[in-house]
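Q: Residue numbers (the numbering used here), protein chains in the order written: chain A, 1 to 336; chain B, 1001 to 1394; chain C, 2001 to 2363.
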Amino acid sequence: MDQIYSALLTMSLGVAGCILYFWGSNWLLGIIFPFRGQSHEQAARNLRIASSVRPWLFLGPALFFLFLYLVYPVIDSLRLSFMGRSGEEFVGISNYVWLFNDPEFQESLKNNVLWLLIVPAASTFFGLIIAALTDRVSWGNIAKSLIFMPMAISFIGASIIWKFIYDYRPTGSDQIGLLNAFVEYLGFEPQAWIAVPFWNNLFLMIILVWIQTGFAMVILSAALRGIPEETVEAAVLDGANGLQIFFKILVPQIWGTIAVVWTTITITVLKVFDIVLAMTNGQWNSQVLANMMFDWMFRGGGDFGRGAAIAVIIMVAVVPIMVWNIRNAQAQMEDR
Amino acid sequence: MSATQTQARSSTLVQRMKRISPLTIVVHLSVLLLVIMWTIPTFGLLVSSIRDKDQLAVSGWWTALSSSEQNLIARTNAPSTQVFENGVYILKGNIAPEGESVEVLAFGSSSQDPSAFEPGTTSTLRNGNTLNVETNGDYVFSSEKEFTGSRGKRIFYQAVEKPRWTLDNYREVLSSEGLGQSFINSLTVTIPATIIPILIAAFAAYALSWMQMPFRGLLLAVVIGLLVVPLQMSLIPLLRLYNEIAMYFGVGAKSYLGIWLAHTGFGLPLAIYLLRNYISNLPREIIESARVDGATDFDIFRRIVLPLSFPALASFAIFQFLWVWNDLLVATVFLGNGDEFLVLTGRLRELLGSRGGNWEILTASAFVTMIVPITVFFTLQRYLVRGLLAGSVK
Amino acid sequence: MTGLKLTNIKKSYGKTDVIHGVDLEVQKGEFIVFVGPSGCGKSTLLRMIAGLESITDGDLEISGERVNDLPAAMRGIAMVFQTYALYPHMTVYDNMAFGMRIAKADKAEIEKRVTDAADMLQLTPYLDRLPKALSGGQRQRVAIGRAIVRNPTVFLFDEPLSNLDAALRVATRIEIANLKEGLPDTTMVYVTHDQVEAMTLADRIVVLSAGLIEQVGTPLELYNKPANTFVAKFIGSPAMNISKAKLSKAGDSSVLALPNGNSFEVPISSAAGLEGQDLEWGVRPEDMLICQDNDTELLSGSVMFIESLGEVTLLHIDCGGEDSVVAKLPGIADVKKGDQISLTAPADKLHVFDNKGVSFLYL
Ligand SMILES: Nc1ncnc2c1ncn2[C@@H]1O[C@H](COP(=O)(O)OP(=O)(O)O)[C@@H](O)[C@H]1O
Ligand SMILES: [Mg+2]
Chain A
1 MDQIYSALLT
11 MSLGVAGCIL
21 YFWGSNWLLG
31 IIFPFRGQSH
41 EQAARNLRIA
51 SSVRPWLFLG
61 PALFFLFLYL
71 VYPVIDSLRL
81 SFMGRSGEEF
91 VGISNYVWLF
101 NDPEFQESLK
111 NNVLWLLIVP
121 AASTFFGLII
131 AALTDRVSWG
141 NIAKSLIFMP
151 MAISFIGASI
161 IWKFIYDYRP
171 TGSDQIGLLN
181 AFVEYLGFEP
191 QAWIAVPFWN
201 NLFLMIILVW
211 IQTGFAMVIL
221 SAALRGIPEE
231 TVEAAVLDGA
241 NGLQIFFKIL
251 VPQIWGTIAV
261 VWTTITITVL
271 KVFDIVLAMT
281 NGQWNSQVLA
291 NMMFDWMFRG
301 GGDFGRGAAI
311 AVIIMVAVVP
321 IMVWNIRNAQ
331 AQMEDR
Chain B
1001 MSATQTQARS
1011 STLVQRMKRI
1021 SPLTIVVHLS
1031 VLLLVIMWTI
1041 PTFGLLVSSI
1051 RDKDQLAVSG
1061 WWTALSSSEQ
1071 NLIARTNAPS
1081 TQVFENGVYI
1091 LKGNIAPEGE
1101 SVEVLAFGSS
1111 SQDPSAFEPG
1121 TTSTLRNGNT
1131 LNVETNGDYV
1141 FSSEKEFTGS
1151 RGKRIFYQAV
1161 EKPRWTLDNY
1171 REVLSSEGLG
1181 QSFINSLTVT
1191 IPATIIPILI
1201 AAFAAYALSW
1211 MQMPFRGLLL
1221 AVVIGLLVVP
1231 LQMSLIPLLR
1241 LYNEIAMYFG
1251 VGAKSYLGIW
1261 LAHTGFGLPL
1271 AIYLLRNYIS
1281 NLPREIIESA
1291 RVDGATDFDI
1301 FRRIVLPLSF
1311 PALASFAIFQ
1321 FLWVWNDLLV
1331 ATVFLGNGDE
1341 FLVLTGRLRE
1351 LLGSRGGNWE
1361 ILTASAFVTM
1371 IVPITVFFTL
1381 QRYLVRGLLA
1391 GSVK
Chain C
2001 MTGLKLTNIK
2011 KSYGKTDVIH
2021 GVDLEVQKGE
2031 FIVFVGPSGC
2041 GKSTLLRMIA
2051 GLESITDGDL
2061 EISGERVNDL
2071 PAAMRGIAMV
2081 FQTYALYPHM
2091 TVYDNMAFGM
2101 RIAKADKAEI
2111 EKRVTDAADM
2121 LQLTPYLDRL
2131 PKALSGGQRQ
2141 RVAIGRAIVR
2151 NPTVFLFDEP
2161 LSNLDAALRV
2171 ATRIEIANLK
2181 EGLPDTTMVY
2191 VTHDQVEAMT
2201 LADRIVVLSA
2211 GLIEQVGTPL
2221 ELYNKPANTF
2231 VAKFIGSPAM
2241 NISKAKLSKA
2251 GDSSVLALPN
2261 GNSFEVPISS
2271 AAGLEGQDLE
2281 WGVRPEDMLI
2291 CQDNDTELLS
2301 GSVMFIESLG
2311 EVTLLHIDCG
2321 GEDSVVAKLP
2331 GIADVKKGDQ
2341 ISLTAPADKL
2351 HVFDNKGVSF
2361 LYL
């Protein structure tokens, strides 16, 4: 009970502080530059000043947080990647030299490429298929809702769910993992799936695909619905069959959305470390960059230099998408 | 062909496509298959979490509804209860545990062969003793020598095991595994970490949409760029910064305030982006009308924009809530693994390490962590979808 | 007394100039209408008066005071928008009371003003409703009511009727005319692209084109004495027919040499220097007559198209020019498609413009 009260207290303090800032700063602005009960000229001047100050009051906290939590760290990570383990002494590019000679890094890089190739492709593919299929059945919304649901589950929770599925018991005893039970039912040997090098990557990826497909489905389904009915009807008149309509008429019209879904999932893939941490913690050749970075942050008290170097590598992978996003958004705003 | 004819023909074609056909059935079946594939993992977890832990450890959850055969061991009553009848010493009783009933399928006298004899047959054991166990568990153990010792003799038998459902797993994880505490910690982290960025982002989004100011376009581009910055970039510099600040003030580096602010910072780009998309599309004339009515920007924001932006605020709130609740990385870095601060995801990860084989603990814990987000998900899905659609830069 | 004064008002967005320098003086209590084609800058001008748009250059005075730098709320104006711009989450009452609440006015005073305005606009039964539960016409009345409550010295309307259907438009137009009667001291500025609204409501009309004033005047002045071909074509429906000719004799009255060889004398004076120059002359469709025996033929051609409206007949005639000539004849004219027809008009109904399109009356 005490815990709940103190939690409630901390929470209200946190939120109240935030509210206080906005209301308080506005109130203060009104006191310093009043406009009611002033001469017209004075009031006009005060209002002008107040309205040029106010945007910055509104934006202030946001800019502060964006800078402190995102802009500054990006710059500082770059700097730290040239520093030693405590982040104090300059070591030149030796972190990067170490990195590119480190077998674990090479393996992570290889695995990450695999993840980047497979997960966005598989999620988008399943999302598209499911979106197309569910639009054609009356209970499609329920189906969508159920397939979308893994989005609400944490990566670590999902890992437990799937670890249970991949559970392995030696031959002879009853399997309690669904996959091995199925494999045994088919007459094959059960396996410790997540300990089989290379293939275990795929079993980890399945977890992320399972989670991300719902996201792809929701967006692509909206895009499919936005396609004008007439284009489909015209194709029907031209004698196209269902598959032809889907691949030659529908898909080309939503390339833009597919690209958006693809890149969004790509970014998620680069950041995901929870799954690897929970399932294998990088053993059996399943390491990825994000988990390796996490590992180096804390390994033996933490090596900030090496950790930062890995973070920079992840950032470099993201930059093209970032540029593409900004371009897109600007083009969009000019359209309006 | 006239226009109306064309239309009539196309509509019959479309109808024909929609009419029940083998294709339609295939579509229904594939959707069903996909839904099963996507829900079965979670379903298995839920079923497992309410099974008896002994059953959970030895049989798959998909067998949970059917009764199973089990090899069990019982002990006869203590030798002190033996009676001497017709020249033999006899121990009688029922092998079922107190207050329960059993259905014996077979019995034997050694662990190697618990199914040596049919129930109801009086069988002679190797040492010359005889044993009979009825289907209902009544047994008669007889021997020519007197039974000695203080404990009863062991009987090995096979019985039908009925499925046992229980909430014990939940009781255990919530109390002794510390999940209850973690639940409250998670709430303490999540609620302010959801509300604070919404407020800050809403003000910023309003400024970026409707206020006259320099560098508006540039700031917006920065926000969109930051949308994809990987969290990993921020961790090390922030961890150092937090440590320095904590040292300076002589307090611990791990605090709720620290993680709220961290989540606020990380959530802001998406929040500002989503809310700005919505707020800048509010009708311009409504805002101007308020301006003519004498409202300052603060009044307009509070009395017009905030109430009208409810759908967008709800969308982002759900996003942020799910993201913070499910986050492991930020919590580990900024709250640490101390018992008093451990959030649900952190606790789950710890259990995975310490109780990795205890599926009754893991399944129940996992489900506890999922209850809140899944409830939120199913009740507020509408807003989540809307937010997703608004959030993808097209 | 001057209610509103614009002196050399200019507006540019970055490098694009939208308003090129507008001078206008509006009397207190006057109903002024800005009219002009879409995109000519009417709304921009109105929004500068309102204080919603900054003024790039020039002076704006309301009731004798320069208000360029005054924010909208302090200019004593109220504005009615095309899309009504009601606050969707507030009841009708709250919508109307919003401005006074912001100004922290007395509760009883708010109550009184809102109920008065609601009475005046027959909105009393709807005070508790949200805007979405009202019809288009009712919404527009709420928007007007909200403006009335502010008790403005200048009342601004930006195309308030264009989102209504035709029947409601007429009804609401009459209501606005009544409102003007009821508020004799309030200056009203009304923007529309519809010249019928302009003609029926205005005390004076300001015709704008491409960011410049073409002419200011009462509706009848604009109709009878358009300052240039733009105004001539813009006011009146169907538009005035404009054709080319030469000035063969200048003086107190001018003689036009028509392309068909005829000469036509009009009672409009012209300067001697103009003699022999190209000019344009115009005649309104409703002033056109079929040539009788000794009339001078102005135009002739074959009938391409006939619109019989009952009370009048519109003839579209191909006279060889770029545009077809329209003649509006009373009753049902006995004409068939393809008929050759000669047209004339009373000499005092002709409008004459120089080669730059400026009316001889204003040279
Ligand atoms: N914010 C703006 N930026 C650039 N040009 C604008 C802006 N607003 C209006 N314009 C231009 O100014 C001109 C006048 O617009 P407006 O006053 O709305 O015309 P209207 O007479 O139809 O009301 C138009 O050509 C329009 O394109
Ligand atoms: Mg306009």
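Glycine residues also receive a C-beta, built at the ideal position from the N, C-alpha and C atoms.
Taking C-beta pairs closer than 9 Å, name the residues in chain B that residue 2103 of chain C reaches, listed in chain order.
A: Along the third sequence, one-based indexing puts residue 2103 of chain C at 103. Neighbours of residue 2103 of chain C on chain B, chain order: 1293, 1294.
Q: Starting from residue 1283 of chain B, find everything on chain C with Cβ-Cβ shorter than 7 Å and list it in chain order.
A: To locate residue 1283 of chain B, count along the second sequence from 1; it is residue 283. Those are 2083, 2085, listed as they occur along chain C.
Q: Just checking: is the beta-carbon of residue 1436 of chain B within a distance shorter than 9 Å of some beta-carbon in chain C?
A: The structure shown does not extend to residue 1436 of chain B, since chain B spans only 1001 to 1394, so no value can be given for it.
Q: What residues in the segment 72-92 of chain A have a beta carbon less than 7 Å from any beta carbon of chain B?
A: Result list: 72, 73, 74, 76, 77, 80, 87.
Q: Which residue from A:13, A:33, A:274 puts its Cα closest to that of residue 157 of chain A?
A: Your numbering for residue 157 of chain A matches position 157 in the first sequence. Cα-wise, what sits closest to residue 157 of chain A is A:274.
Q: My guess is that residue 2055 of chain C and residue 2009 of chain C are in contact by the Cβ rule of under 8 Å, so how many angstroms apart are they, rounded?
A: For the purposes of this step, residue 2055 of chain C is taken as the residue at position 55 of the third sequence. For the purposes of this step, residue 2009 of chain C is taken as the residue at position 9 of the third sequence. Their Cβ separation, rounded to whole angstroms, is 6 Å, which keeps residue 2055 of chain C and residue 2009 of chain C in contact under 8 Å.
Q: Check whether the segment 1248-1265 of chain B and the segment 2040-2049 of chain C are in contact - that is, three or more C-beta pairs closer than 8 Å.
A: No: the two stretches stay apart, fewer than three of their Cβ pairs being nearer than 8 Å.
Q: Using CA atoms only, rank isn't needed, just tell me which of A:299, A:270, A:169, A:247 is closest to residue 319 of chain A.
A: If you number the first sequence from 1, residue 319 of chain A lands on position 319. Nearest option by C-alpha distance: A:270.
Q: Can you round the beta-carbon distance between residue 1059 of chain B and residue 176 of chain A to whole angstroms, since I take them to be within the 8 Å contact cut?
A: The residue given as residue 1059 of chain B occupies position 59 in the second sequence. The residue given as residue 176 of chain A occupies position 176 in the first sequence. Confirmed, Cβ separation roughly 7 Å.
Q: Taking 9 Å as the threshold (C-beta atoms), are residue 2154 of chain C and residue 2004 of chain C in contact?
A: By 1-based counting over the third sequence, the position of residue 2004 of chain C is 4. By 1-based counting over the third sequence, the position of residue 2154 of chain C is 154. Contact flag set, yes.
Q: Pairing CB atoms from the segment 295-306 of chain A with CB atoms from the segment 1207-1217 of chain B, are three or more of them under 8 Å?
A: Not touching, per the Cβ criterion.
Q: Determine contact between the segment 76-83 of chain A and the segment 2094-2107 of chain C, defined as no fewer than three beta-carbon pairs at a distance below 8 Å.
A: These segments do not touch.
Q: Residue 1309 of chain B and residue 1268 of chain B - do their beta-carbons sit closer together than 9 Å?
A: If you number the second sequence from 1, residue 1268 of chain B lands on position 268. If you number the second sequence from 1, residue 1309 of chain B lands on position 309. No; because the gap between Cβ atoms is not below 9 Å, this pair is not in contact.
Q: Just verifying my parser: in three-state terms, what is the DSSP assignment at residue 329 of chain A?
A: Numbered from 1 along the first sequence, position 329 holds the residue referred to as residue 329 of chain A. Residue 329 of chain A falls in the helix class under three-state DSSP.
Q: Looking at the secondary structure, which residues open and close the beta strand (DSSP E) in which residue 2264 of chain C lies?
A: Here residue 2264 of chain C corresponds to residue number 264 of the third sequence, with the count starting at 1. Residue 2264 of chain C -> beta strand (DSSP E) spans 2263-2266.
Q: Determine the DSSP secondary structure at residue 2037 of chain C, reduced to helix, strand or coil.
A: Sequence index remark: in the third sequence, residue 2037 of chain C carries index 37 (1-based). Three-state result, residue 2037 of chain C: coil.
Q: Along chain C, which residues have their Cβ under 9 Å away from the Cβ of residue 1308 of chain B?
A: In the second sequence, residue 1308 of chain B corresponds to position 308, counting from 1. Correct list: 2087, 2088, 2089.
Q: Which full runs of the beta strand (DSSP E) of 3+ residues lie inside the segment 2103-2181 of chain C, going along the chain?
A: Qualifying beta strand (DSSP E) stretches, in chain order: 2154-2158.
Q: Nearest by alpha-carbon distance to residue 2157 of chain C: which of B:1106, B:1285, B:1243, B:1236 is it?
A: Against the third sequence, residue 2157 of chain C aligns to sequence position 157. Closest option to residue 2157 of chain C, Cα to Cα, is B:1285.
Q: Taking the alpha helix (DSSP H) that residue 271 of chain A falls in, what are its first and last residues?
A: Residue mapping note: residue 271 of chain A aligns to position 271 of the first sequence, counting from 1. Run containing residue 271 of chain A: 255-271, per the alpha helix (DSSP H) assignment.
Q: Between the Cα of residue 1201 of chain B and the Cα atoms of A:151, A:59, A:159, which residue gives the shortest distance?
A: Stepping through the second sequence from its first residue, residue 1201 of chain B is reached at position 201. The option with the nearest alpha carbon to residue 1201 of chain B is A:59.
Q: Would a C-beta distance cut-off of 9 Å place residue 2186 of chain C and residue 2127 of chain C closer than the cut-off?
A: Here residue 2186 of chain C refers to the residue found at position 186 when the third sequence is read from its first residue. Here residue 2127 of chain C refers to the residue found at position 127 when the third sequence is read from its first residue. Their beta carbons are not under 9 Å apart, which means residue 2186 of chain C does not touch residue 2127 of chain C by this criterion.
Q: Which whole-angstrom value describes the C-beta separation of residue 2253 of chain C and residue 2268 of chain C, a residue pair presumed to lie in contact below a C-beta threshold of 8 Å?
A: Here residue 2253 of chain C refers to the residue found at position 253 of the third sequence. Here residue 2268 of chain C refers to the residue found at position 268 of the third sequence. So it is a contact: roughly 7 Å between Cβ atoms.
Q: Could you give the distance in angstroms between the alpha-carbon of residue 1231 of chain B and the alpha-carbon of residue 1266 of chain B?
A: On the second sequence, position 231 is the one that residue 1231 of chain B refers to. On the second sequence, position 266 is the one that residue 1266 of chain B refers to. Cα-Cα distance, rounded: 7 Å.
Q: So does residue 145 of chain A have its beta carbon nearer than 8 Å to some heavy atom of ligand 2?
A: If you number the first sequence from 1, residue 145 of chain A lands on position 145. Not under cutoff, so the answer is no.
Q: Hey, out of C:2343, C:2248, C:2181, whose CA is closest to residue 2291 of chain C's CA?
A: Taking the first residue of the third sequence as 1, we reach residue 2291 of chain C at position 291. Of C:2343, C:2248, C:2181, the residue nearest in Cα terms is C:2343.
Q: Would you say residue 166 of chain A and residue 179 of chain A are within 9 Å of each other, going by their C-beta atoms?
A: As a working mapping, residue 166 of chain A is identified with position 166 in the first sequence. As a working mapping, residue 179 of chain A is identified with position 179 in the first sequence. Their beta carbons are under 9 Å apart, which means residue 166 of chain A touches residue 179 of chain A by this criterion.
Q: Can you look up residue 2279 of chain C in the DSSP assignment and give me helix, strand or coil?
A: Here residue 2279 of chain C corresponds to residue number 279 of the third sequence, with the count starting at 1. In the structure shown, residue 2279 of chain C sits in a strand (DSSP, three-state: E or B).
Q: Going by C-alpha distance, which of B:1333, B:1047, B:1117, B:1083 is nearest residue 1242 of chain B?
A: Locating residue 1242 of chain B in the second sequence gives position 242, counting from the first residue. Checking every option, the nearest Cα to that of residue 1242 of chain B belongs to B:1333.
Q: Please confirm if the segment 119-135 of chain A is in contact with the segment 209-219 of chain A, defined as three or more CB-CB distances below 8 Å between the two stretches.
A: Flag = yes, the segment 119-135 of chain A and the segment 209-219 of chain A touch.
Q: Is residue 1945 of chain C near ligand 1, judged by its Cβ being under 8 Å from some heavy atom?
A: This structure cannot speak to residue 1945 of chain C, because chain C is shown only from 2001 to 2363.
Q: When you measure from the CB of residue 2044 of chain C to every non-hydrogen atom of ligand 1, does any distance come out below 8 Å?
A: By one-based count along the third sequence, residue 2044 of chain C stands at place 44. Yes - ligand 1 has a heavy atom lying nearer than 8 Å to the Cβ of residue 2044 of chain C.
Q: List the DSSP bridge partners of residue 2029 of chain C.
A: As a first step, residue 2029 of chain C is located in the third sequence; it is residue number 29 there, counting from the start. For residue 2029 of chain C, which the question treats as bridged, DSSP gives no partner whatsoever.
Q: Does the beta-carbon of residue 247 of chain A have 16 or more other beta-carbons within 10 angstroms, so that it is buried, or is it exposed?
A: Within the first sequence, numbered from 1, the residue matching residue 247 of chain A stands at position 247. Exposed: under 16 other Cβ atoms inside 10 Å.
Q: Kindly indicate if chain B contains any beta-carbon less than 9 Å away from that of residue 175 of chain A.
A: Here residue 175 of chain A refers to the residue found at position 175 of the first sequence. Chain B contact via Cβ: present.
Q: In the DSSP assignment, what residue or residues form a beta bridge with residue 2049 of chain C?
A: Walking along the third sequence from the start, residue 2049 of chain C turns up at place 49. Residue 2049 of chain C is not bridged to any residue.
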